[in-house]
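In numbering that gives the first Met the number 0, the protein residues as written are 0 to 278. Idealized CB from N, CA, C, for every residue including glycine.
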Amino acid sequence: MKKLISVIMTVVILLGALSIFAYAEDEKQFYLVLGDSIAYGSGISNSREACYGKIVADTNGYDYANHAIPGHTTNNLINRLKEESVISDLEKADIISISIGGNDFLMSNLLGLMFDSIAKNDHTEYDRIADGFYTNFCEIVRIINSHNDDAVILMQTIYNPQTGYIGEAYQQGADRINAQIRRFAEENPGEIVVVDVATALGDDALNYADDEIHPSAQGNELIAQTVLETLSDLGLGTDAAPVIAVKGKDIQIPAIFTMPMRMLGIIFHYISVIYNIFI
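Okay, structure coming up:
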């Protein structure tokens, strides 16, 4: 009888262990996306189905949530991280992708920034905004860690979708934000992984939507590939080639809506020429 009981107990223990193992094998990693309109997928009309976050999740079979909101700055993200629904997903996230920082410039006196940069070659305000970004980003990472200090944080660099004189001015802002991102990574080893989206998208117009701000469907796929390659290098994903379950549909915006910004760049440039000749 004792032998029979011993055999039964052994079988029960083995079955329990196998069940736990099977559960662990089936449990999916949770992928959380935070940030602005880039993370939201504003350059495509079917963003929920085809933004880069969804592509990454589909490719690696992650559970997935996207709490990005168009127009958000680092200040907005700090407040967003205090919302209960976001906190709930933060606590269970294994991987967190963040796109933030571009609106710290775009939502600040943009025309004034462009004028200072192009007409006056003055980047003082750019430096102030970049310093503010760094302070806020430190707080963003602190809040994330207070809820979950095990998640891998992927922080994307800021790309430049503009060309001409406006593109030169925009680059001043992007360079400063990216410098602060890399500064944080250097000063806080292991806290974030920098994902170089700026290099991935480059200056190919096909990577950008008609609004000349957001990534196109092709751009979203490139960002997804860049994130997937990073995750593969970290041992958190098995495939660096994006799986496109739903093809992105580019937004359609008439060129007349983007022309004024280019014209302002030209006007500011000639103001600079006149200023340097007569003053």
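- Going by DSSP, I152 is part of the beta strand (DSSP E) stretching over V151 to Q155.
- Taking C-alpha positions only, Y158 is separated from N135 by approximately 20 Å.
- The Cβ neighbour count for N59, taken over all protein chains shown within 10 Å, is at least 16; the residue is labelled buried.
- Burial check for E220: the Cβ neighbour count within 10 Å reaches 16 or more, so the residue is buried.
- Residue range F29 to G34 is occupied by the beta strand (DSSP E) that includes G34, with no alpha helix (DSSP H) assigned at that position.
- Residue range D62 to N65 is occupied by the beta strand (DSSP E) that includes D62.
- By the C-beta criterion, the segment 117 to 128 is judged not to be in contact with the segment 182 to 201, since fewer than 3 inter-stretch pairs fall below 8 Å.
- When C-beta atoms of the segment 212 to 226 are compared with those of the segment 39 to 53, three or more pairs fall below 8 Å, so the two segments count as touching.
- The C-alpha of L233 lies about 11 Å from the C-alpha of I94.
- By the neighbour-count criterion, in which 16 or more other beta carbons inside 10 Å mark a residue as buried, A244 falls on the exposed side.
- In this structure, H213 keeps its C-beta atom at 9 Å or more from the C-beta atom of S96.
- In the DSSP assignment, V85 falls outside any beta strand (DSSP E) and within the unbroken alpha helix (DSSP H) covering E83 to K91.
- When secondary structure is reduced to three states using DSSP, V194 falls in the strand class.
- If you check the CB distance, A64 and Y30 come in under 9 Å.
- Sorting G236, G100, D121 and D210 by C-alpha distance to the C-alpha of I43 places D210 at the top.
- Per DSSP, the continuous alpha helix (DSSP H) segment holding I142 begins and ends at T123 to H146.
- Annotated as distal: N144 and E90, with beta-carbon spacing of 9 Å or more.
- Distance from the CA atom of G236 to the CA atom of E228, rounded to whole angstroms, is 8 Å.
- Per DSSP, the continuous alpha helix (DSSP H) segment holding I165 begins and ends at G163 to E186.
- If you check the CB distance, I99 and G34 come in under 9 Å.
- Within a 10 Å sphere around the beta-carbon of R79 sit 16 or more other beta-carbons, which makes this residue buried.
- In this structure, A92 and A150 form a Cβ contact; the two beta carbons are roughly 5 Å apart against a cut-off of 8 Å.
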